[in-house]
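Below is one structure, written out as structure tokens; the observations come after it.
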Amino acid sequence: MQTDAPISHSRCAFVHTRGVPANPDDLLVLLTVARLGRFTAAADVLGVNHTTISRRIALLEKAIGGRVLVQTPGGWELTDLGRDLLGPAEAIERAVAEVGERATGRGQLQGAVRVASPDGYAIHWLVPAVTRLQRDHPQLDLELITATQRAREARSGVDLEVVVGRPAVRRSAAEHLRDYRLQLYATKTYLDRAGTPTALADLGEHTLVYYIESALQVDDLDEASRRLPAPRSSLRSTSVFAHVAAVLADGGIGLLPDFLAEEEPSLLRVLPDYSYETGYWAVVRRESRRNPAVRAVLAALLE
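This is the structure:
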């Protein structure tokens with residue numbers, strides 16, 4: 008159960024910003040909200056409830072004498088005064104980390120990093136990368152949210168987001184991770200039953216297995232399916248692993264990532280001339296990129 012317990016072990020000291028004392032716990036709360044953009048997400052990471060987050064931000068603003076956060080459609084963003092406090096807050100975070108390093112005798116990444124990623128990328132690349140990182144840094148907590156979503160300018164609630172297609176963002180940093188191809192696959196059993204298409208127009212007589220477009224709204228993934236004729240029927244899901252399972256169950260012709268389909272020997276390429284290339288990109292909030300743990304997770308993905 009979430010409580011109103013101390014955020015850290017730093018309550019014994021106070022820092023001074025612009026000559027006004029500020030509780031270091033409140034500065035750590037501000038730092039977490041700045042990185043995640045939501046009170047509820049910060050509360051989850053810090054192990055308190057969202058009303059505690061709101062109260063501590065209010066106490067900090069009272070001590071400092073001004074607003075440190077402003078609410079936007081994309082979540083909470085720092086004001087100029089709030090950005091001035093990032094340096095002192097990060098200094099407190101580093102001091103707490105140094106205490107842990109002295110206790111263990113080695114440098115350790117610590118804290119929580121929250122990542123959102125499409126399930127295909129998460130299972131194939133993200134999970135192996137972060138578990139290797141965590142073996143070297145056992146005090147590092149990782150939270151994975153599987154979601155295939157459009158990149159937004161100010162996505163809040165996560166430190167790092169993996170998206171499909173190059174994102175158009177200005178206030179966040181975008182890093183290219185890897186490319187892949189969407190291609191058409193089916194089983195021999197399905198093709199024997201329904202016939203093998205020899206041209207794109209023939210797909211109009213088949214069942215297409217793919218995403219629910221209205222629930223997805225990812226430009227690259229939408230474009231891949233728009234290039235195909237309207238199917239006779241469809242089997243749609245928000246999970247790429249459901250797509251693979253449906254095609255393996257002889258349910259239709261699937262528009263599947265090549266790296267998943269090529270692992271299944273029973274899947275055959277349909278219309279080999281059709282291929283749509285896209286890629287995975289990492290989007291990191293400006294404040295989150297200052298976090299050493301977030302930078303380490305991003306570096307592990309880029310490797």
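With my numbering applied, the sequence shown covers 8 to 310.
Glycine is no exception: its CB is placed at the ideal position from the N, C-alpha and C atoms.
Worksheet item: Under a three-way DSSP split, which group does T155 fall into?
Response: coil
Worksheet item: So, do the segment 193-210 and the segment 264-281 have three or more beta carbon pairs nearer to each other than 8 Å?
Response: yes
Item to complete: Would you give the residue range spanned by the beta strand (DSSP E) that T351 belongs to?
Response: An answer regarding residue 351 cannot be provided, because it is not within the stretch 8 to 310 covered by the chain.
Worksheet item: Ordered along the chain, which non-local residues of its own chain (more than five positions away) have a Cβ less than 7 Å from that of L88?
Response: I71, G73, R74, V75
Discussion item. Rounded to whole angstroms, what is the Cα-Cα separation between L224 and A102?
Written reply: A quick correction: the sequence has Gln, not Leu, at residue 224. Cα to Cα, the separation comes out at about 43 Å.
Fill in: Which residues DSSP lists as bridging D148, in chain order
A119
Worksheet entry | A154 vs A180 beta-carbon contact at 7 Å | no
Worksheet item: Should G44 and W83 be called a contact, given that it needs their Cβ atoms to be closer than 7 Å?
Response: yes
Worksheet item: Taking D51 as the reference, which of A119, A29, P31, A41 has the closest Cα?
Response: A119
Item to complete: Answer with buried or exposed for T205, where buried requires no fewer than 16 other C-beta atoms within 10 angstroms of its C-beta.
Response: exposed
Worksheet item: Nearest-angstrom Cα distance between V94 and P299?
Response: For clarity, residue 94 is Gly in the given sequence; the question names Val instead. Computed Cα separation, rounded: 14 Å.
Discussion item. Relative to the C-alpha of A222, which candidate in A231, R243, A136, L149 has its C-alpha closest?
Written reply: R243
Item to complete: Determine the extent of the alpha helix (DSSP H) in which D257 is found, giving its start and end residues.
Response: Segment: none, D257 is in no alpha helix (DSSP H) and carries neither H nor E.
Worksheet entry | L242 - partner residues in DSSP beta bridges | V216
Practice prompt. Quick one: grab the DSSP three-state call for P264.
Written response: strand
Item to complete: Please state whether DSSP places T79 in a helix, a strand or coil.
Response: strand
Worksheet item: Per DSSP, what kind of secondary structure is T51 in: helix, strand or coil?
Response: As written in the sequence, residue 51 is Asp, which differs from the Thr given in the question. DSSP places D51 in helix when its eight states are reduced to three.
Worksheet item: What's the C-alpha gap between L255 and H183?
Response: 31 Å
Item to complete: Would you tell me roughly how many angstroms separate the C-alpha atoms of I130 and V137, rounded to the nearest one?
Response: 11 Å
Discussion item. Per the DSSP calculation, H183 is bridged to which residue(s)?
Written reply: W288
Practice prompt. Go ahead and label L309 buried or exposed: buried means 16 or more other beta carbons lie within 10 angstroms of its beta carbon, across all protein chains shown.
Written response: exposed
Fill in: Nearest residue (CA-CA) to T203, options G259, S246, S282, L85
G259
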